[in-house]
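So the protein lines, in turn, are chains A and B.
Each number in the working numbering comes from the position in the first sequence (counting from 1) with 147 added on.
Each number in the working numbering comes from the position in the second sequence (counting from 1) with 147 added on.
2 protein chains.
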Amino acid sequence: MTVTDELLANNEAYAAQFTGPLPLPPARQVAVLACMDARIDVYRVLGLNEGEAHVIRNAGGVVTEDEIRSLAISQRLLGTKEVILIHHTDCGMLTFTDDGFKETIRQDTGLRPAWAAEAFDDLEEDVRQSVARITASPFIPVKDSVRGFIFDVATGRLEEVAA
Amino acid sequence: MTVTDELLANNEAYAAQFTGPLPLPPARQVAVLACMDARIDVYRVLGLNEGEAHVIRNAGGVVTEDEIRSLAISQRLLGTKEVILIHHTDCGMLTFTDDGFKETIRQDTGLRPAWAAEAFDDLEEDVRQSVARITASPFIPVKDSVRGFIFDVATGRLEEVAA
């Protein structure tokens with residue numbers, strides 16, 4: 148039995164208590180962009196209920212072309228108006244470099260990825276970088292509230308990063 | 148007061164009950180890749196606790212270069228071994244076309260995005276497409292369990308899509 152099978156059994160219990168469909172557009176008109184880190188349960192960290200906010204996540208919580216795609220769809224088609232960015236302490240992205248990671252992959256596979264791994268060594272600066280990539284994008288129409296935070300994995304608290 | 152401010156107030160309550168740091172590597176060695184849809188609370192849908200699984204999300208739950216980047220980091224640096232893909236019924240990605248969306252953006256901004264919007268019209272086929280993009284990638288080392296599901300927003304239940 149795989150972990151996937153165990154989680155599917157959990158889903159049976161979830162479905163048994165499910166209370167039915169909610170509307171498609173996020174009720175609170177917010178999009179959250181956070182690191183994929185397992186310790187960040189975005190809904191609980193922000194007190195969100197199902198149906199309230201889009202949640203976009205990736206390694207680092209960084210902004211690449213795909214996050215611009217998701218945010219453009221979120222705002223233009225589904226009406227979100229605020230963006231909350233979440234990086235966090237003890238992030239895996241602080242533990243390696245793009246060059247080292249890509250060289251390891253090259254040695255393993257013979258292929259060097261054409262993409263950036265987006266590792267970073269300064270957490271606050273990377274939050275500012277992510278905010279700046281959103282505010283610089285011509286495809287994101289609503290930029291009045293694009294705010295960046297660091298989640299402290301020791302305290303559960305979000306600290307805002309000054310622009 | 149913005150919605151972001153309200154959610155930050157919720158975070159104060161979360162932090163007040165927080166029980167301290169967990170290890171960085173996901174305890175269940177699973178990465179979940181799901182749509183950003185507000186109705187999918189991944190942790191509750193799968194009965195996950197904090198610290199157990201990486202959670203990657205974007206518009207549609209599709210696989211582009213950035214999801215390959217996140218999964219490569221997840222497996223190679225943080226030891227995950229299974230991938231769970233989640234698309235869902237009533238998805239916004241079923242409601243538009245790439246051409247139409249990009250033409251709207253061009254009319255609005257003067258710029259046509261160079262990226263694909265990744266809209267789709269067949270949910271099951273897009274799950275298979277996403278699984279196939281992962282299994283075809285030379286950068287993802289562990290492909291023994293890459294399984295795709297559709298979350299039914301009316302019942303809360305996950306249904307596996309046959310390969």
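Every residue, glycine too, gets a C-beta built ideally from N, C-alpha and C.
Review point. So which of I287/B, G257/B, I281/B, D237/B has the shortest CA-CA distance to F267/B?
Key: D237/B
Check your understanding: Quick one: is Q176/A near chain B, going by C-beta distance under 8 Å?
Key -> yes
Check your understanding: Is the Cβ of L232/B closer than 8 Å to any Cβ of chain A?
Key -> no
Check your understanding: Leaving out the 5 sequence neighbours to the left and right, which residues in its chain are closer than 8 Å to I252/B when beta-carbon positions are compared?
Key -> L258, R259, P260
Review point. Considering only residues of the region 248-297 of chain A, which uninterrupted alpha helix (DSSP H) runs meet the minimum length of 4 residues and lie entirely inside it, listed in chain order?
Key: Taking only runs of at least 4 residues, the alpha helix (DSSP H) segments lying wholly in the region 248-297 of chain A are 270-283.
Exercise for review: Run the CB neighbour count on T159/A, radius 10 Å, all protein chains shown included, and call it buried at 16 or more, exposed below.
Suggested key: At residue 159/A the sequence reads Glu, which differs from the Thr that was named. It is exposed - the Cβ of E159/A has fewer than 16 other Cβ atoms within 10 Å.
Check your understanding: Exposed or buried, what is N205/B when buried is set at 16 or more other beta-carbons lying within 10 Å of its beta-carbon?
Key -> buried
Check your understanding: Taking the continuous beta strand (DSSP E) assigned at I233/A, which residues delimit it?
Key -> 229-235
Check your understanding: Quick one: is A310/A buried, meaning 16 or more other Cβ sit within 10 Å of its Cβ, or exposed?
Key -> exposed
Review point. Given that S221/B touches chain A, what residues does it touch there, using C-beta distances under 8 Å?
Key: M183, A206
Check your understanding: How many Å lie between F298/A and S217/A at the Cα?
Key -> 22 Å
Exercise for review: Round the Cβ separation of G194/A and L154/B to the nearest angstrom and send it over; I've been treating them as touching at under 8 Å.
Suggested key: With 8 Å as the limit, G194/A and L154/B qualify as a contact, their Cβ atoms being about 6 Å apart.
Exercise for review: Quick one: grab the DSSP three-state call for I187/A.
Suggested key: coil
**Study point:** Contact under 8 Å by Cβ, A156/B with G303/A
**Key:** Not a contact, by the Cβ cut-off of 8 Å.
Check your understanding: Hey, out of D273/B, R275/B, C182/B, V308/B, whose CA is closest to I220/A's CA?
Key -> C182/B
Practice item. Kindly indicate which three-state DSSP category A178/B falls into: helix, strand or coil? Key: strand
Check your understanding: For E307/A, is the classification buried or exposed, using 16 other Cβ atoms within 10 angstroms of its Cβ as the cut-off for buried?
Key -> exposed
Review point. Per the contact definition of three or more C-beta pairs closer than 8 Å, is the region 240-248 of chain A in contact with the region 275-289 of chain A?
Key: no
Review point. Would you call the CB atoms of V179/A and I281/A closer than 8 Å?
Key: no
Review point. Exposed or buried, which one is T151/A when buried takes at least 16 other CB atoms within 10 Å?
Key: buried
Point to revise | Residue-level contact to chain A via CB, H235/B, 8 Å cutoff | key: no
Check your understanding: Name the chain A residues that come within less than 7 Å of T302/B, Cβ to Cβ?
Key -> A162, F165
Check your understanding: Below 8 Å between beta carbons: does that hold for A301/B and G167/A?
Key -> yes
Check your understanding: Among residues of its own chain, excluding the 5 on either side of L169/A, which ones have a beta-carbon nearer than 8 Å to its beta-carbon?
Key -> E197, G198
Review point. Less than 8 Å separating the beta-carbons of F296/A and I233/A?
Key: Cβ distance < 8 Å, so F296/A and I233/A count as in contact.
Review point. If you draw a straight line from the C-alpha of A264/A to the C-alpha of F248/A, how long is it?
Key: 8 Å
Practice item. Could you confirm whether any beta carbon from chain B is found closer than 8 Å to the beta carbon of E229/A? Key: yes
Exercise for review: Out of L171/B, R186/B, F165/B, point me to the one whose CA is closest to L171/A's CA.
Suggested key: R186/B
Review point. E307/A bridges to which residues according to DSSP?
Key: F296/A
Check your understanding: Buried or exposed: where does D269/B fall if 16 or more other Cβ atoms within 10 Å of its Cβ makes it buried?
Key -> Exposed, since its Cβ has fewer than 16 Cβ neighbours within 10 Å.
Exercise for review: Identify whether V202/B lies in helix, strand or coil by the three-state DSSP scheme.
Suggested key: strand
Point to revise | Minimum Cβ-Cβ distance from A279/B to chain A less than 8 Å | key: Not closer than 8 Å to any Cβ of chain A, the Cβ of A279/B fails to qualify, so no.
Exercise for review: Compare the C-beta of I252/A with all C-beta atoms of chain B and state if any pair is closer than 8 Å.
Suggested key: yes
Practice item. Give the DSSP-derived three-state secondary structure of T242/A in the structure shown. Key: coil
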